[in-house]
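Peer 1:
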Amino acid sequence: MCWGTSVCKPKHYPESHRGGTMFCAAHADRDALAASVLKRCGACYRQDPALVEVALHIHARLRSLRGLVTGPKREGQHVCPECGNHCRLDEGEVGFCGSYMVRDGKVVERYQDEAVVSWYFDPLPTNCVADWVCPVTTKNSLSLGRYRLKNLAVFYGSCNSDCLFCQNDSYKDMMAAGRPRMSPEELAAVSDSATACVCFFGGDPACNARHSLEVARRLNEDRLVRVCYETNGNISSKWLNRIADVVESTGGTVKFDLKAYSPEVYTALTGVRNDVVLRNFRRLAQRGRERDGEFLVASILLVPGYVDLHEIRLLCEFIASCDTTIPTALLGFAPHHHMRDLPRTSRSHAKRAREVAMEVGLANVRIGNVGLLSDTEYNIE
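Using the numbering used here, you'd call the opening residue of the sequence shown number 6 and step up by one each time.
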């Protein structure tokens, strides 16, 4: 039965708790895990797309509590071209990412030539998603005389996704406050001769493309600094090739976080769609075939109850359809943000995920964040 909208009211299932862990009552017969914030497991979302609308309301409510724009806007007159969400904004409205707004009939940077951003130095080798294929750590000396080489880690305080499991949710406080802020010139000036590479992450650099590219340009004015992006991939076509150009020319890597393949699971977890994400990954994969070295690395966070073996198979089949040689990192999940009631990824989950990845033809698969893996057993099917 429909209730006056295009989305039918989903069935109600009672919550099921046992020993502090929440299970999906709709799949009680197989002890499927579910985070209390969503109440349903990944299989539920794949089977009942109407539940996605409920999940979007959950995202909106949680974001409103932190003073953030509740979702990508779809009704305004002006289309923001700066990321894959393409928010439609009216005069004075701020986009979902918090970085852009409409002023005097034009989509402009909210903070005019500055971004909400922080930074720190990480001695090499870092705990990087792509560390096992990174040329900085696998082919080069990690010292410059008596000085240890380091990575400039650039953390953007804005994001065009809303992951309920976000491991870096402090960006939301930065986004709500609109600070700290830096210009590209100020940020590039913190680099020194021991800075071997820069990694843009956050939050996400996808909605800070112009700022990050200008930082990268300034860093490479006098010497080579490898440029890497760690991103959800929800990048506007306006910026995708320009980002790829600077990564390729400096010998860096795009570390691409593929959170889920099923549109319903992806949206339930992140609050946004993944069609642009998948299209961008395929485009970068085609480009990466032309370069010596690892241009593109895929990562998959093994979220219990959501990124199950079915979802992993779909993701890995997609990656393999792009290029079977793309390095793929399967990452252990740590309970965080709105999914603190889920367990850490189990060793058996990670092991079977790798087996599935190899079965579908991926040639370079690694289990990352091994220290986070647990001996907890749960249904991974």
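Every residue, glycine too, gets a C-beta built ideally from N, C-alpha and C. No experiment lies behind these values; they were computed from the predicted model shown.
Hey, out of Arg371, Pro340, Asn384 and His343, whose CA is closest to histidine 354's CA?
Peer 2: When each option's Cα is compared against that of histidine 354, the closest is Asn384.
Peer 1: Using DSSP bridges, identify the partner residues of isoleucine 240.
Peer 2: Per DSSP, Cys88.
Peer 1: By the three-class DSSP mapping on this structure, what secondary structure does valine 281 have?
Peer 2: Note: valine 281 maps to helix in three-state DSSP.
Peer 1: From the DSSP output, in three-state form, read off proline 19 for me.
Peer 2: Any reading at proline 19 needs caution, since the residue's pLDDT is 41, under 50, leaving its predicted position unreliable; the model's value is listed next. Note: proline 19 maps to coil in three-state DSSP.
Peer 1: Could you spell out where the beta strand (DSSP E) holding glycine 128 opens and where it closes?
Peer 2: Residue 128 is actually proline in this sequence, not glycine. Segment 120-128, the beta strand (DSSP E) holding proline 128.
Peer 1: Does the ligand ADP have even one heavy atom less than 7 angstroms from the beta-carbon of glutamine 291?
Peer 2: Ligands displayed in this structure: none; no statement on the ligand ADP is therefore possible.
Peer 1: Can you check whether the CB of alanine 181 is closer than 8 angstroms to the CB of glycine 72?
Peer 2: Contact: yes.
Peer 1: So valine 230 and cysteine 202 are in contact, right, with Cβ under 8 angstroms, and what is the actual spacing, rounded?
Peer 2: Confirmed, Cβ separation roughly 6 angstroms.
Peer 1: Is cysteine 49 helix, strand or coil by DSSP?
Peer 2: Correct three-state label for cysteine 49: helix.
Peer 1: DSSP state of tyrosine 161, grouped into three classes?
Peer 2: The answer is strand: DSSP assigns tyrosine 161 an E or B state.
Peer 1: Given a threshold of 16 other Cβ atoms within 10 Å of its Cβ, counted over all protein chains shown, does proline 86 qualify as buried or as exposed?
Peer 2: Exposed, because fewer than 16 other Cβ atoms sit within 10 Å of the Cβ of proline 86.
Peer 1: On the CB-based measure, 16 or more other CB atoms within 10 Å of its CB, does glycine 100 come out buried or exposed?
Peer 2: Buried is the call here.
Peer 1: For phenylalanine 338 versus valine 308, is the C-beta distance shorter than 8 angstroms?
Peer 2: Yes, the Cβ-Cβ distance between phenylalanine 338 and valine 308 is below 8 angstroms.
Peer 1: Do you know how far the Cα of cysteine 327 is from the Cα of alanine 249?
Peer 2: Each residue's Cα considered, the two are about 17 angstroms apart.
Peer 1: So, are the CB atoms of lysine 155 and proline 128 less than 8 angstroms apart?
Peer 2: In contact: lysine 155 and proline 128 (Cβ atoms closer than 8 angstroms).
Peer 1: Can you find at least 3 beta carbon pairs, one from the stretch 153-171 and one from the stretch 268-288, that sit closer than 8 angstroms?
Peer 2: Short answer: they touch.
Peer 1: What are the start and end residues of the beta strand (DSSP E) that includes valine 270?
Peer 2: Valine 270 -> not in any beta strand (DSSP E); alpha helix (DSSP H) instead, spanning 268-275.
Peer 1: For a test of the three-state rule: what should DSSP assign to phenylalanine 286, helix, strand or coil?
Peer 2: In this structure, phenylalanine 286 counts as helix in the three-state DSSP scheme.
Peer 1: My guess is that asparagine 165 and cysteine 233 are in contact by the Cβ rule of under 8 angstroms, so how many angstroms apart are they, rounded?
Peer 2: Contact doesn't hold; Cβ gap of about 19 angstroms is too wide.
Peer 1: Can you tell me where the alpha helix (DSSP H) holding phenylalanine 323 begins and where it ends?
Peer 2: 314-327 is the span of the alpha helix (DSSP H), which, as asked, contains phenylalanine 323.
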